[in-house]
Ligand code: ATP
Ligand code: MG
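Numbering (the working numbering), first residue to last: -4 to 442.
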C-alpha cells in the first residue's frame, strides 16, 4: 500500500519518480503468469538473471497482456550493457543506431534486449524545435521508466517472481482505461513528436481514452511532426496501418487534426469522396485480416492507398491524347516515382503493386480466351480482391466484380456459357498481332 502511495505521489506533476520506490504488484493482483510469455523471452530473462543481471519483460507486451490482447513481440530491459548481453547468448548481435540494442535469437524468436536508459541531461542535443537528437546514456531502472512515453508502457514484468514493477501507476491507469503521459505532455511531445501518433495509435488499438492533459496539446503541437524524418514517420504509419485498428486510428487522427502531412498521399485521397471510400474499405479489409491472424501484403495495401492517385494521373494522360494502356503504365510509374523515396517502397513491393494495377483493365474483357488466361495469372487473386474493392467503393459497376466472382466458381460448360460474345473488331485486331501473353503486354483492343 505504502509503495503504491509513494509511486502515485511521484507519478504526479513533477515526475520526480526517478528516485522513488516503485510499486511491486504480485501475480494475485495482476493475474499474469510466466507461461503467458513467449518461451524465448523467459529464457532470455533467466539467462541474464543467472549471470547476476536484472532482466524484465517490458513495455508493450506487459501492457497488452494486462489488457487481454496477444503481444506482437516481447522486449526485454536489463541493467547489463549491450556487450555483457552479447556475452550471455551465443546467437545474438548488437544493433547499433542511436542507441545500441541487442537482438537475441531463440529458436524462431528474436528478442530485442535494451539496456536501461538514463535521464536526458539539460545538455541533450536537440534540433531548433526541441526534438531530441541523441539519447544514448545508460541509467537506472527508475530512470528508464521515466524515459518511457506512457504509464501503461512503463511496466516491468519479472518472470522469476511473476511480479510487475510499476513506477508510474500504470497498472491502475490501464484498469481505468486511461493512456497517461509520464511527465509533462507538452515537453514530451517536443522531445519526440512521434509520441502524438503513438498516443492515437495505442488508444485506438487498446480501447483506451487519452488522458485530457495529453490529448489537449496535440492539436496545437501537430505541426511539430513536420520536422520528424520521413523514414521515422513512415515506420510509424506502417505500424498504424497494419495494427488491425487502422480505421479507428485514422478516424481518431483526423479528429485530433493529425492526419495532414503524415503520408502525403493520404491527404489527397481522404479529401476525394470516392478515394476516401475506397481507402477506408481497403483498410477495414486489412484490419479484418490482421485480427483473424491472416497475412497481409504491403503490396496490396499500397496498391489500394495509391490507386486513386493513379486514376487521376491516368485520366490526365488520356485527356492529353495518350493511348489508354500505355497511359496507365506511365501513370503507374509516375505515381510510384513520386512516392518511392518517402515511402521506402522496395522494388519487390513496387513489382507487386504494379501487377495488381496492370491487371485491372484486363477484367473488362469477358469474351474468348482472355478470361481464362487472366485466371491463370499468379497475381489473379490479389487483383480480383482489388477489383471487388473498386466495385464496393462505387468506382466501377458491381456487375463486373459479380461476374468474376461467379466465373471463378463456375465449372466447365457453365463457365463457357458465361462468356460474352466476342466483338468482331476484337477478333480482327487480335489476329493481326503476335501473341500478347504476359501481364505486361498490351492487347490491341485496349489501346
Ligand atoms: P506496439 O504494440 O506497437 O509494439 P509498443 O508500445 O511496444 O507498441 P514499441 O515501439 O515496440 O511500441 O516500443 C516499446 C517500448 O518502448 C514502449 O512500450 C515504450 O515503453 C518505449 N517507447 C517506444 N517509443 C517511445 C517513444 N517515442 N518515447 C518514449 N518511449 C518509447
Ligand atoms: Mg512493442
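Here a beta-carbon is modelled for each residue, glycine too, at the ideal position from N, C-alpha and C.
| Asked | Found |
| --- | --- |
| Secondary structure at residue 161, three-state DSSP: helix, strand or coil? | strand |
| Check this for me: beta carbons of residue 189 and residue 214, under 8 Å apart or not? | no |
| Pick out every residue whose C-beta is nearer than 7 Å to a heavy atom of ligand 2: which are they, in chain order? | 54, 55, 56, 67, 68 and 70 |
| Going by alpha carbons, who is nearest to residue 210 out of 380, 195, 382 and 222? | 195 |
| Can you check which of these residues, 219, 191 and 199, is closest to residue 208 by C-alpha distance? | 191 |
| What does the Cβ neighbour count give for residue 15, buried or exposed, with the cut at 16 atoms within 10 Å? | buried |
| Would you call residue 21 buried or exposed, if buried means 16 or more other Cβ atoms sit within 10 Å of its Cβ? | exposed |
| Go ahead and pull the three-state DSSP assignment for residue 353. | helix |
| What residues in its chain sit with their C-beta under 6 Å from that of residue 378, if we drop five residues either side in the sequence? | 351 and 354 |
| What number of angstroms, rounded off, separates the C-alpha of residue 243 from the C-alpha of residue 197? | 11 Å |
| For the beta strand (DSSP E) that residue 274 lies in, which residues bound it at each end? | From DSSP, residue 274 is part of no beta strand (DSSP E) but of the alpha helix (DSSP H) over 268 to 286. |
| Out of curiosity, what's the CA-to-CA distance linking residue 121 and residue 369? | 55 Å |
| Restricting to Cα atoms, I'd like to know which of 390, 313 and 364 is closest to residue 452. | There is no way to answer for residue 452, as the model of the chain reaches only from -4 to 442. |
| Name, in chain order, the residues that DSSP records as bridge partners for residue 174. | 205 |
| With a threshold of 7 Å (Cβ to nearest heavy atom), would residue 161 be considered close to ligand 1? | no |
| Three-state secondary structure (DSSP) at residue 18? | strand |
| Classify residue 415 as helix, strand or coil using the three-state DSSP reduction. | coil |
| Would you say residue 239 faces chain C, with C-beta separation under 8 Å as the test? | Absent here is chain C; the protein component of the structure consists of one chain. |
| Could you tell me the distance, in whole angstroms, from the CA atom of residue 143 to the CA atom of residue 327? | 42 Å |
| With burial defined as no fewer than 16 other Cβ atoms inside 10 Å of the residue's Cβ, what is the status of residue 156: buried or exposed? | exposed |
| Could you give the first and the last residue of the continuous alpha helix (DSSP H) run that contains residue 99? | That residue, residue 99, is in no alpha helix (DSSP H); its beta strand (DSSP E) goes 96 to 101. |
| Based on Cα-Cα distance, which residue from 395, 302, 322 and 49 lies nearest to residue 309? | 322 |
| What are the boundary residues of the alpha helix (DSSP H) that includes residue 27? | Residue 27 -> no alpha helix (DSSP H), and no H or E assigned at all. |
| Under 7 Å from any heavy atom of ligand 1, does the C-beta of residue 182 make it? | no |
| Which one of 201, 407, 36 and 18 has the shortest CA to CA distance from residue 160? | 18 |
| Short check: CB of residue 206 to CB of residue 249, under 8 Å? | no |
| In the DSSP assignment, find the alpha helix (DSSP H) that holds residue 246 and state where it starts and stops. | 241 to 250 |
| What residues in its chain sit with their C-beta under 8 Å from that of residue 134, if we drop five residues either side in the sequence? | 111, 112, 113, 114 and 142 |
| Please confirm whether any heavy atom of ligand 1 lies closer than 7 Å to the CB of residue 190. | yes |
| Taking buried to mean at least 16 other C-beta atoms within 10 Å of its own C-beta, is residue 426 buried or exposed? | With a pLDDT of only 49 at residue 426, under 50, the local geometry of the prediction cannot be trusted, and no value is derived from it. |
| Using DSSP's beta-bridge definition, name the partner residues of residue 150. | 161 |
| On the DSSP bridge assignment, give the partners of residue 70 in chain order. | 53 and 107 |
| Mind checking residue 280: buried by the 16 CB within 10 Å criterion, or exposed? | buried |
| Mind checking whether residue 320 and residue 366 have CB atoms under 8 Å apart? | no |
| Tell me whether residue 89 sits in a helix, a strand or coil according to DSSP, three-state version. | strand |
| State yes or no: is the C-beta of residue 212 within less than 8 Å of the C-beta of residue 181? | yes |
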